[in-house]
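In my numbering, the protein residues as written are 412 to 659. By construction, the Cβ of each residue, glycine as well, lies at the ideal position given by its N, Cα and C atoms. Each remark here refers to the structure printed beneath this line.
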């Protein structure tokens, strides 16, 4: 059976990028502020890594996700929802990445040999992501074991990975869960911030709320225009001239 998870991680970094967004069933290329794992000029692992096609996820709690032959495990079709860990402690899900798993790749040798598809040491993927799971290059950090590829947007994929751009001045999705069944289960599992398994009704509820509260979904990052050290929710639309959304 397919397993889905909430994955808790630190506050994301805000950057301005040229992106492709899905809006009203159409794709637009425009500039947007988005939230991603901190760009650290190679000193951080940028996980999930969203500057490649497909997006990749390898390290942050990845080894804690159930794998075969468990009854339920991460496999094609699994959905990983990345949320702000501090906000989750307050019963609020602030979602920055929805990652639909297309494929799970096992490292041929743990912490030593990555999947052949991502072994090019001259690539951005290697420098900014993969190498951070290799010993002795990264003695104190992660030990690479699995790399997950995301299902990316296409006309034939109704389920795809995205970064949400929110309505209401981008104040964040802030799904308040104090009175929901999900929160009653979640609040006892927050200590240690291990990935939290989601049931199918949980996933449907969260994705439905995202659909209602997002104006756009970022499905591809074309290039980075600039970034700051600010952490938090983006509140800036820089709409293309054909957009119905005006700049704030």
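Asked: Complete runs of the alpha helix (DSSP H) confined to the region 487-574 [at least 4 residues]; Found: 496-499 and 535-539
Asked: Beta-carbon proximity of residue 617 to residue 447, cut-off 9 Å; Found: no
Asked: CA-to-CA distance, residue 443 to residue 634, given in whole angstroms; Found: 11 Å
Asked: Integer Cβ distance of residue 540 from residue 552, believed to fall under 8 Å; Found: Contact flag wrong, Cβ pair sits at about 12 Å.
Asked: As assigned by DSSP and simplified to three states, the class of residue 669; Found: Outside the shown range of the chain (412 to 659) lies residue 669, about which nothing can therefore be said.
Asked: Anticipated Cβ contact below 8 Å, residue 417 with residue 586, distance rounded; Found: Their Cβ separation, rounded to whole angstroms, is 11 Å, which puts residue 417 and residue 586 out of contact at 8 Å.
Asked: Residue 572 versus 510, 475 and 502, residue with shortest Cα-Cα distance; Found: 510
Asked: Residues near residue 579 in its chain [Cβ-Cβ closer than 8 Å; skip 5 each side]; Found: A caution first: residue 579 carries a pLDDT of 47, below 50, which makes its placement in the model unreliable, though a value can still be read off. Taken in chain order, the residues that qualify are 624.
Asked: The region 555-563 contacting the region 512-520, beta-carbon criterion three pairs below 8 Å; Found: yes
Asked: Residue burial classification, residue 421 (beta-carbon count within 10 angstroms, cutoff 16); Found: exposed
Asked: Of the listed residues 601, 430, 436 and 415, nearest to residue 569 (C-alpha basis); Found: 436
Asked: Residues of its chain near residue 529, where Cβ-Cβ distance is below 6 Å and the 5 sequence neighbours each way are ignored; Found: 536 and 541
Asked: Bounding residues of the alpha helix (DSSP H) (the contiguous stretch that carries residue 596); Found: 592-597
Asked: Three-state secondary structure assigned by DSSP to residue 444; Found: strand
Asked: Status (buried if at least 16 other CB within 10 Å, exposed otherwise) for residue 524; Found: exposed
Asked: Start-to-end residues for the beta strand (DSSP E) that takes in residue 431; Found: 424-434
Asked: Cβ separation of residue 507 and residue 423, assumed to be a contact under 8 Å, to the nearest whole Å; Found: 5 Å
Asked: Residue 606 burial status per 10 Å Cβ neighbour count (16 or more: buried); Found: buried
Asked: Sub-9 Å separation of residue 445 and residue 574 beta-carbons; Found: yes
Asked: Residue 623, DSSP secondary structure in three states; Found: helix
Asked: Selected residue, minimal CA-CA separation from residue 521, among 496, 538 and 547; Found: 547
Asked: Beta-carbon spacing of residue 431, residue 600 below 9 Å; Found: no
Asked: 8 Å Cβ shell around residue 613 - same chain, five flanking residues per side excluded; Found: 415 and 593
Asked: Close-in-space but distant-in-sequence residues of the same chain around residue 620 (CB under 6 Å, 5 per side omitted); Found: 586
Asked: Test: residue 415 CB closer than 9 Å to a CB of chain C; Found: Of the chains in the structure shown, none is chain C; there is only one protein chain.
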